[in-house]
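Taking it in order: structure first as C-alpha cells, then the write-up.
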Amino acid sequence: MRRVAPAVGLFLLAPLVGEFLLGNLRIDYLFVLPAYAPLYGGGALLIRETVRRAGRGWPAIMLLATAYALLEEGPVDLLLWNPSFSPQVSLAGDAYLPALGTNVSIVQAVLSLHVIWSICVPIALVETFVPERRTVPWLGRIGLAVTGVLFAFGVVIASVGKRMESHFEATPGQYAGAVVLIVALVALAFTVRYRPRPLDRRAPSPWLVGVLTLVLTSLLLALVMFWPARLSQWVSVAAWCVVTAVLLALVARWSRCSGWGAAHRLGLAAGALLTYLWIAFPHRPGGVVETAFDPIDLVGNTVSAIFGVVLIVLAARVVQGRSRVRYRRP
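Per the working numbering, residue 182 is the first one in the sequence shown, and the count goes up by one each step.
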C-alpha cells in the first residue's frame, strides 16, 4: 500500500482542490467526492504517470493539463459552448466569438482553473511528500491501465450526466476543433523537449516565489471571476494574457537558476493554493444566490482553508527535514 499511497493521495486531492477548496461545492456535498475523483483524480494521475514514464517534466505536464482543461469543459460537459450552462457561467459579453461559439474570457477561466489548480498544484504537492520518488512512476502497468479506465469512466459519466441535465449539444465543428487542438497538445507534450540553459545566478528565496505566485495567480482569477460586467471583457482578456506571460516567464527563469529545488517548487504550489483558499470566500458555490449569506459555505471554506494551510505546513516540514539530512551528510 505504501508504494501506491502517493497515487491514491493524488487521486483524492485533485477533486478536493478542484471543487471544494475553490468553493464550487459546499462541504455538505463532500459525499460526492468519489463521483468527481475518476475525472479529476484519474486525469491528474494519468497525466503525471504518463509524463514521468516518458522521462519528461513540467512543460509536458502543463501541455497535458491544457488538453485536459479543454476536454473536460469542451466535449465532456460543454461549458465552453453552452449559453445556459449555469447562472454563474455566461457566454455573454463582448469577448464572445460567434465563429467559435464561445467567450474568450471563459476559455481563460477554464485554462486557469484546470491547468494550475486541478492538475499542477495537486501533482506538485503530492510529489513534495515523496521526494525520493518525485520523478519516477508510482504505478505499474496494471495500475496505469486501471487509472485510464477510471478516467474514461469519469469522462463518460460526466458527459452523459451533463447532457441529461441541459439537453444541449455542441456543433460538429466545435467538437472537431476541440479534438484537433487536444490531440495537438498531447503530441507536443511527447515530441517537443524543453532543454533550458542554466543561468549563472542564484534562485530567489522560496518565500519570494510563493508570495509572487500568490499575487499573480490571484490576479489571474480576479480577472476571470470578478471582472465588472460594465467594463469591456477585452480589457480583462488582455490583462490575463500579460499576467500569464509574466508568471510563465518568471517560473521559466527561476527554474534555470542555481539552487532551485524542492522549497521553490513548494513555493509555487503553496502560493497558488493560497489563492484558491481566499478566493473561495467571495466565490459563491453553484446554486447559491449571490447576495445570500450561507453559513454552511462559510464553515466549509474555513475548514478548507485550514486543511490547505496544514497541507502546506506538512509539505514544508518534509522539505525542511530533507534539507537538514543533506546538510548533515559528511
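Quick reminder that beta carbons are idealized off the backbone N, C-alpha and C, glycines included. Treat the numbers as computed from the prediction; the structure is a model and nothing was measured.
Look at S286 here: in three-state DSSP terms it is helix.
Using a C-beta cut-off of 8 Å, the region 206-222 makes contact with the region 472-483, since at least three inter-stretch Cβ pairs fall below that distance. Measuring C-alpha to C-alpha distances from I297 to each of R498, F462, V432 and V500 identifies V432 as the nearest. For the set P379, T316, T425 and V288, the Cα lying nearest the Cα of W441 is the one of P379.
Excluding its 5 nearest sequence neighbours in each direction, A351 has C-beta neighbours in its own chain below 7 Å: L259 and W262, listed in chain order. With a 10 Å radius around the Cβ and a threshold of 16 neighbouring Cβ atoms, W435 comes out buried. The Cβ atoms of A444 and V396 do not sit closer than 7 Å to each other.
Unbroken alpha helix (DSSP H) stretches of 4 residues or longer found wholly inside the region 368-408: 387-406, given in chain order. CA-CA distance, W459 to L197, rounds to 15 Å. Taking a C-beta distance under 7 Å as the contact criterion, G391 and G448 qualify as a contact pair. Here the C-alpha atom of T425 lies approximately 28 Å from the C-alpha atom of S265. Taking every protein chain shown into account, the CB of T316 has fewer than 16 other CB atoms within 10 angstroms, so this residue is exposed. When secondary structure is reduced to three states using DSSP, S436 falls in the coil class, being assigned neither helix nor strand. Contact between the region 237-254 and the region 357-376 is present: three or more C-beta pairs spanning the two stretches fall below 8 Å.
For the options V257, A290, A305 and L393, the alpha carbon positioned closest to that of A339 is the one of V257.
Taking C-alpha positions only, L393 is separated from G329 by approximately 35 Å. Fewer than three beta-carbon pairs drawn from the region 280-294 and the region 226-239 are found closer than 8 Å, and the two stretches are therefore not classed as touching. Taking all protein chains shown into account, L495 has fewer than 16 neighbouring C-beta atoms within 10 Å of its C-beta and is therefore exposed.
If you draw a straight line from the Cα of S267 to the Cα of P385, it comes to about 42 Å. L202 places its beta carbon less than 7 Å from that of G489.
Beta-bridge annotation (DSSP): Y277 is paired with N284. The beta-carbon distance between T398 and G452, rounded to whole angstroms, is 7 Å. This is short enough to meet the 8 Å contact definition.
Between G190 and L428, the alpha-carbon positions lie close to 27 Å from each other.
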